[in-house]
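All residue numbers in the first sequence are consecutive under our numbering, ending with 550.
No residue lacks a Cβ here, since even glycine has one placed at the ideal position from N, Cα and C.
Report on the following structure.
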Amino acid sequence: MPDLSPGSRLRHRHAPHRAPGSPRRVGEGNRLRETRPRLRARGRAARLSASEETSMKKELIQTRIDKAARLRESGINPYPYVFDRTHETGELLADFDARIGGDEVSVAGRVMALRPMGKVTFAHLQDAAGRMQLYFRKDDLPVPVWEALEQIDLGDLIGVRGAPMRTRSGEATLQVRELAVLAKSIRPLPVVKEKDGQKFDAWEDTGNRYRRRHLDFILNPEHRRAFETRAKVVRACRAFLDGRGFLEVETPVLQSIYGGAMARPFVTHHNALDLQLYLRIALELPLKKLLVGGMDRVYEIGHVFRNEGIDRSHSPEFTMLEFYWAYADYHQAMDLVEAMLREVLEAATGSLQVEWDGRSLDFSKPIPRRRMVDLIEEKIGLSVLTAPEEELRARLVAAGESVPPYAARGHLIEGLFDHFVQPELFQPIFVTDHPRAISPLAKIHRDEPELVERFEIFIGGVEFGNAFSELNDPVDQRARFEDQAAQREKGDLEAQVLDEEFLQAIEHGMPPAAGVGIGIDRLAMLAAGVHSLRDILLFPQMRPEEIRAETEDEE
RNA sequence: GAGCCGCUAGCUCAGUCGGUAGAGCAACUGCCUUUUAAGCAGACGGUCCCGGGUUCGAUUCCCGGGCGGCUCACCA
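What follows is the structure in structure tokens.
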């Protein structure tokens, strides 16, 4: 894994401090021995060791540890092994009234609200399916159960058995007869109150949500839905390709030469081999070796890593689907991708109309296929294949784009497309036939030698996929890699590296094939209707936060 | 990488035109047998993100740093 934390960053948000030697708070008990947090950075030892003597947070945690001890003293294991639950809350609520007066049921989940009012206590229990109110009545409960209830806090996992009932105000409620503590929570949950679906003191700070996704899902269970949709997207992609005879494979993430895309890699090191390795930036090259080996239809869904900026639509680590299809060209690949998009969106959302940016994306109609150079010409009236290169450059500069010195005609065409055309795209469209200089792995276009047989699919103006008629002429491929090397000499850090092993593989003969790469995360965003990759990645990459251990010294 | 905004109690947030700070919730002690953002009473809880500067005095002003968000740049 890339080392994103050189050890020099310390975070001190909310770090509580108290002068060394100041008295410990009464009631804190003897179990809080002073220990030093293991420092991961230099230069802060004195301050940190002073800071962890006492703190509010430690008191809150200690209180809960003490409650767990009290449960143990009365013979209750606060961390038991199993609980026999008969239902999820959702099942009970679905036909609740029919259950009133019927059998007792049991549910398990997290205590999300507690309203003790003397000899009666109301609580809300949250499980994966939803939330249900619990009613505890002292007179109806054995003494030990009532006493156990007094040791329950917000956030604890409990199981209860009881009888379905409705309260005076009509809420579906379980009148509890038996209570089991399933896991005593010792770290207090952020307190979020809720009424009629409206949240108070909502826990929505994005940094917190991504860093502590578990809390996000507890406090905002609706955020799980995007990930359910994501799973449907992946499942549908697999089903689509499996159904057409594609074989799913897994190829190495660690590679001694990276390739298959224009991007900068993460570098890592293997100790035993004393070898510098790269995290893959694409799946392409190993899969093409499988084409050589006779796997005619093959695909992989896996993580690739690109050492670049992070924003709403870019993550250093993302999931790519690539498939390779022998004896097919990019026209057939477009047909297949179009069919796949429909099937996947239908499976994940139930519709071919997808809301995006307040507008509707329509996947029910055929997706237009337009040459990149034609789209540019339509937009700015410049025939980019024949116009003098200087004019392309001038247009870009006039538009305020910076043009690197190594930019060849192909880069200029791409630049014009990116600046003038791409922002205007919204409905799904295949943009085809890119310049060869930016496509070193694609076959020269059968009718136009300056272009290659390639397409990218844009949806809502964002690239979702990239594909070619794969270059299988090994001599041409070697020449293109050499061009890339020259490009790299001129300072293009994203130019591809010559991969001798790959070249030798295709020198044995790779069948003509179409290859397609699709960004699964973006597809999942589309299906889930979220506008940031971070809402579709469970644990998006963030700068590491200094986490201090507050309870490391127990027992 | 650049610009703008933010960081105050466990959580969500006020506030201090510079004199070391408040609320609600949570936690704690009580009261309360159909409540639901339960309620009432009490007592707790803070190096106001970090460092430096200015100042008699900085949480507040200035500079630097950290982390986050947004916009832009690069990339898929």
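DSSP three-state assignment for residue i, whether helix, strand or coil
i                 : result
proline 216       : helix
valine 140        : helix
histidine 565     : Residue numbering for the chain in the displayed model covers -4 to 550; residue 565 lies beyond these limits and cannot be assessed.
aspartate 211     : helix
glutamine 422     : coil
glutamine 552     : Outside the displayed span of the chain (-4 to 550) sits residue 552, for which this structure offers no information.
arginine 204      : helix
threonine 246     : coil
glycine 405       : helix
proline 469       : helix
leucine 493       : coil
lysine 438        : coil
methionine 160    : strand
methionine 127    : strand
isoleucine 531    : coil
arginine 364      : strand
glutamate 350     : strand
isoleucine 153    : strand
proline 15        : Low local confidence applies: a pLDDT of 30 at proline 15 is under 50, so the model's placement there is unreliable, with the coordinate-based value given in what follows. Reduced to three states, the DSSP call for proline 15 is coil.
phenylalanine 195 : strand
threonine 81      : coil
Where residue i falls, given that 16 or more other Cβ within 10 Å makes a residue buried
i              : result
methionine 537 : exposed
glutamine 624  : No statement about residue 624 is possible, as the shown extent of the chain runs from -4 to 550 and does not include it.
leucine 120    : buried
isoleucine 181 : buried
alanine 93     : exposed
glutamine 250  : buried
lysine 53      : buried
serine 434     : buried
serine 310     : buried
glycine 503    : Note that residue 503 corresponds to histidine in the displayed sequence, not to glycine. Looking at its Cβ environment, which holds fewer than 16 other Cβ atoms inside 10 Å, histidine 503 is exposed.
histidine 406  : buried
leucine 532    : buried
valine 115     : exposed
lysine 62      : buried
isoleucine 95  : exposed
threonine 168  : buried
The beta strand (DSSP E) enclosing residue i, as first and last residue numbers
i              : result
arginine 292   : 292 to 300
asparagine 461 : 457 to 464
leucine 109    : 100 to 111
histidine 119  : 115 to 122
glutamate 279  : Careful: glutamate 279 lies outside any beta strand (DSSP E), inside the alpha helix (DSSP H) at 279 to 287.
alanine 321    : 312 to 321
leucine 177    : 167 to 178
isoleucine 454 : 449 to 454
glutamate 189  : 188 to 190
Residue i and residue j closer than 8 Å at C-beta
i                 : j                 : result
serine 308        : arginine 529      : no
glycine 97        : threonine 84      : no
arginine 449      : aspartate 428     : yes
glutamine 472     : isoleucine 501    : yes
phenylalanine 212 : arginine 292      : no
glutamate 312     : phenylalanine 300 : yes
valine 447        : isoleucine 408    : no
glycine 410       : glutamate 396     : yes
phenylalanine 412 : leucine 377       : no
leucine 286       : tyrosine 319      : yes
glycine 255       : valine 492        : no
glutamate 295     : leucine 280       : no
alanine 106       : isoleucine 153    : Alanine is not the amino acid found at residue 106; the sequence shown has valine there. Cβ atoms of valine 106 and isoleucine 153: closer than 8 Å.
aspartate 494     : isoleucine 252    : yes
serine 359        : leucine 340       : no
glycine 202       : aspartate 352     : no
Limits of the alpha helix (DSSP H) - the one that residue i falls within
i                : result
isoleucine 375   : 367 to 375
glutamate 338    : 325 to 344
isoleucine 513   : Per DSSP, isoleucine 513 belongs to no alpha helix (DSSP H); it is in the beta strand (DSSP E), 508 to 514.
phenylalanine 91 : 91 to 94
Check: residue i C-beta below 7 Å from any heavy atom of the ligand GDP
i            : result
arginine 204 : The ligand GDP is absent from the structure shown, which contains no ligands of any kind.
Q: Count the CB pairs spanning the segment 232 to 242 and the segment 265 to 279 that are closer than 8 Å, and state whether there are at least three.
A: no
Q. Counting pairs of beta carbons, one from the segment 512 to 532 and one from the segment 457 to 468, are three or more of them closer than 8 Å?
A. yes
Q. Counting pairs of Cβ atoms below 8 Å between the segment 423 to 433 and the segment 357 to 366, do you hit three or more?
A. yes
Q.
Does the segment 436 to 445 come into contact with the segment 460 to 479, if we say contact requires no fewer than three beta-carbon pairs (one atom in each stretch) closer than 8 Å?
A. yes
Q: Please determine if the segment 190 to 206 and the segment 483 to 502 are in contact, where contact requires at least 3 C-beta pairs separated by less than 8 Å.
A: no
Q) When the Cβ atoms of the segment 125 to 138 are set against those of the segment 65 to 79, are three or more pairs found closer than 8 Å? A) no
(Q) For the segment 209 to 226 against the segment 327 to 339, do three or more pairs of beta-carbon atoms, one drawn from each stretch, fall closer than 8 Å, so that the two count as touching? (A) no
**Q.** Stretch-stretch touch, CB-based, cutoff 8 Å, three pairs: the segment 144 to 152 with the segment 167 to 185
**A.** yes
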